[in-house]
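Residue numbers (the UniProt record's numbering): 1 to 150.
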């Protein structure tokens, strides 16, 4: 009599566990798009079930990663990174609620900073800089509401 009750309790426990939500074991939280030739074009790795939050990865025609950015509430929010064909970072752009906000930076292939552009709420605002590969300053400009003022 004791064995059937133990088995029944064990089976009930398993059914209870299988009915609870847990982490997905498959790729159901990843949305992928493909080029017409079948190669991957983009991957959206969702962080929740809304489909509005996660990490967006874009790929080139040779399946090389070209950019990554965090999406929050359906818009860019975080640092977008653009990569060259060898995987080096070419540019970083900070976003807040879908608008550029902070310094967008471009990089030489060796990783040194090439330029820095200041954004505030999606508009160029502040001191911008351009450098040579040896690190010397080439140009400095001041932007106000998207226009160069000096």
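Every residue, glycine too, gets a C-beta built ideally from N, C-alpha and C.
For residue 41 and residue 140, the rounded distance between their alpha carbons = A straight-line Cα-Cα distance of about 37 angstroms links residue 140 and residue 41.
If you run the structure through DSSP and keep just helix, strand and coil, what is residue 46?
-> strand
Between which two residues does the beta strand (DSSP E) carrying residue 116 extend?
-> Here the beta strand (DSSP E) through residue 116 covers 113 to 120.
Under the assumption that residue 91 contacts residue 104 (Cβ atoms under 8 angstroms), give the Cβ distance between them as a whole number of angstroms.
-> 7 angstroms
Going along the chain, which residues of its own chain have a beta-carbon closer than 6 angstroms to the beta-carbon of residue 68, five neighbours each way excluded?
-> 57 and 81
Measure the beta-carbon distance from residue 78 to residue 95 and round it to whole angstroms, keeping in mind my assumption that it falls under 8 angstroms.
-> 6 angstroms
Under a three-way DSSP split, which group does residue 149 fall into?
-> Judged by DSSP in its simplified three-state form, residue 149 adopts coil rather than helix or strand.
Return the first residue and the last residue of the beta strand (DSSP E) that residue 94 is part of.
-> 89 to 96
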